[in-house]
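Asker:
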Ligand SMILES: [Zn+2]
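Numbering (my numbering), first residue to last: 1077 to 1317.
1) Please confirm whether residue 1269 has its beta-carbon closer than 8 Å to some beta-carbon of chain B.
2) Assign residue 1092 to one of two classes, buried (16 or more other C-beta atoms within 10 Å of its C-beta) or exposed (fewer than that).
3) Who are the near neighbours of residue 1095 in its chain, counting only those whose CB is closer than 6 Å to its CB and skipping five residues on each side?
4) Candidates 1284, 1109, 1296, 1175: which alpha carbon is nearest residue 1218's?
5) Does the Cβ-Cβ distance between residue 1236 and residue 1132 come in under 8 Å?
6) Just the Cα atoms here: how many angstroms apart are residue 1317 and residue 1285?
7) Would you say residue 1185 and residue 1148 are within 8 Å of each other, going by their C-beta atoms?
8) What does the alpha-carbon distance come out to for the pair residue 1181 and residue 1253?
9) Let me know if residue 1242 comes out buried or exposed under the rule of 16 or more other beta-carbons within 10 Å of its beta-carbon.
10) Excluding sequence positions up to five away, which residues of its chain have a Cβ less than 8 Å from the Cβ of residue 1070?
11) According to DSSP, is residue 1133 helix, strand or coil?
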């Protein structure tokens, strides 16, 4: 079924750069200086993530990665909800506390504005005076890195690995950039579990995440089983998957 939204044919999600720009203009409510700040923050995150994952990702993914900042739309939570419920929502289940999604078919990321992430952040960490300080303090960078990792992953990746990997790589980026991360028991446990898996499987795990065809099916099964065992502990009632 074809659905239109102010002139876009949203039954197809493979938006080109121009269409993404139009969508950005339609729903974006950023001042030029906020947009500039977000773009430079995005580039900083991208460079750092690239430094970590470059050896493990296939060449065709690198191409996608080069223009990743052009594939992200920042929008108000209101517009975010509107956009995903009108079209992306048919494909994605989302929770009211969803603030960012990665759309694989369209190869883009939608993210609610930094200030709105404050709902997810403990009150004592919230700031509202300085936009830049806010970006750093509310773990926005972590969310941004998390979604970028998703864009580099195959949507076929088993959900548990898809989510744990995004969390682990995002933490590495945040730590190198010395920003804050969301300090939460379950989140910490998830990152630790992935860390343990890395100690056990080494680079094979990086390949499993970004380029699984490099591994044999036995190797892939072994890794998948390691994660599957922990699914209920790390994602009780599938929360967070
Ligand atoms: Zn995720």
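Note that beta-carbon positions come from the ideal geometry of N, C-alpha and C, so glycine has one too.
Answerer: The structure says:
1) Checking the listed chains, one finds no chain B in this structure; it contains a single protein chain.
2) exposed
3) none
4) 1175
5) no
6) 16 Å
7) yes
8) 30 Å
9) buried
10) With the chain running from 1077 to 1317 in the structure shown, residue 1070 is simply not present.
11) coil
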